[in-house]
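Structure, as structure tokens:
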Amino acid sequence: MRSPLFDQANQERQTDQRWTLQSSKMLRTAMNGQLDVLAAQGAMVAYQGQMDFNYEGSGSASKFLKKMVSGEGGNLMRVRGMGEVFFARQAEDIFLLELTGDGITINTRSLLAFDANLNWDIKSMVNGGMLAGGLFNLVVNGQGVVAVTSDGPPMLLDCSRQPTFVDPQAAVCWSSNLIPTIKNDFKFGSLIGRGSGESFQLAFHGPGFVVVQPSEGAPVTAAA
1194 MRSPLFDQAN
1204 QERQTDQRWT
1214 LQSSKMLRTA
1224 MNGQLDVLAA
1234 QGAMVAYQGQ
1244 MDFNYEGSGS
1254 ASKFLKKMVS
1264 GEGGNLMRVR
1274 GMGEVFFARQ
1284 AEDIFLLELT
1294 GDGITINTRS
1304 LLAFDANLNW
1314 DIKSMVNGGM
1324 LAGGLFNLVV
1334 NGQGVVAVTS
1344 DGPPMLLDCS
1354 RQPTFVDPQA
1364 AVCWSSNLIP
1374 TIKNDFKFGS
1384 LIGRGSGESF
1394 QLAFHGPGFV
1404 VVQPSEGAPV
1414 TAAA
């Protein structure tokens, strides 16, 4: 049988590295039976070897309460075993971030997977009010690798030079030292951000960066 489908570029990448981009849209994670992986539920597209997939609990009462309020950060699964696991999300672009004792804040819609030895918590934003979506995000820190996704080629913005405003659905991740607030530019008959449902943005200012994807995703409505 002959087909471009069988080209070398489409075959599994054989490597000893734990985290490898099989392609720009698929992640290969080698599991050695020792260090687990935490991943977004539903992100696994294939695996080889012996794997166990289990719902990851909140780990603490405070995290559990935050999940009840936010609906975010709770859809994690713990992966352990021997072999390879492949992760992807709707053909979005995947990027690996290696943390060396530092941290990053991630929009949970953009979280794909990370080393289970990393510390994580759910943080709420200041002045969030009762809006849904983007008000609770995942803060990860320590030493290890985090995989995030972007719906299209991302853009990196420097927030130290001037105030920066981003639609909550377009923000992928940002420096953990930045504490965004909610800015409301709502004017009757004029909606700025389609993804936010109304003209609400995340306001960043200070030394650090924010990564923005060229997509706002599904509209977000106010919490009932």
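The sequence shown begins at 1194 in our numbering and counts up one residue at a time. Cβ atoms here follow ideal geometry from the backbone N, Cα and C, with glycine treated the same way. Predicted, not measured: the structure shown is a model, and the values here were computed from it.
CA-to-CA distance, residue j to residue i, given in whole angstroms
| i | j | result |
| --- | --- | --- |
| THR1298 | THR1222 | 22 Å |
| ASN1421 | ALA1396 | Here the chain has residues from 1194 to 1417 only, and residue 1421 is not among them. |
| TYR1240 | GLU1277 | 5 Å |
| GLY1242 | PRO1356 | 49 Å |
| VAL1365 | VAL1359 | 10 Å |
| PRO1407 | LEU1349 | 11 Å |
| LEU1311 | GLN1336 | 6 Å |
| GLN1201 | GLN1207 | 11 Å |
| LYS1370 | LYS1376 | It is Asn, not Lys, that sits at residue 1370 in the sequence shown. If you take the alpha carbons of ASN1370 and LYS1376, they lie about 19 Å apart. |
| ASN1203 | GLY1296 | 34 Å |
| ILE1315 | ALA1281 | 23 Å |
| ILE1372 | LEU1228 | 31 Å |
| GLU1291 | PHE1199 | 32 Å |
| ARG1211 | SER1317 | 32 Å |
| SER1216 | TRP1367 | 24 Å |
Sub-8 Å separation of residue i and residue j beta-carbons
| i | j | result |
| --- | --- | --- |
| ASP1308 | VAL1404 | no |
| CYS1352 | GLY1274 | no |
| MET1219 | PHE1246 | no |
Which residues DSSP lists as bridging residue i, in chain order
| i | result |
| --- | --- |
| LYS1316 | ASN1330 |
| ARG1271 | LEU1231, ASN1247 |
| GLY1399 | None, per the DSSP bridge assignment. |
| MET1219 | SER1216 |
Anticipated Cβ contact below 8 Å, residue i with residue j, distance rounded
| i | j | result |
| --- | --- | --- |
| ASP1286 | GLY1235 | Not confirmed; about 18 Å, so no contact. |
| THR1342 | LEU1305 | 5 Å |
| ASN1330 | THR1301 | 6 Å |
| VAL1339 | PHE1279 | Not a contact, Cβ separation roughly 17 Å. |
Counted within 10 angstroms of its Cβ, other Cβ atoms place residue i as buried (16 or more) or exposed
| i | result |
| --- | --- |
| SER1383 | Only weak support exists for where SER1383 lies, its pLDDT of 48 falling under 50; the value from the coordinates is given anyway. The residue in question, SER1383, is exposed, as its Cβ has fewer than 16 Cβ neighbours within 10 Å. |
| MET1194 | exposed |
| GLN1362 | buried |
| PRO1197 | exposed |
| ALA1233 | buried |
| GLN1394 | buried |
| GLU1249 | buried |
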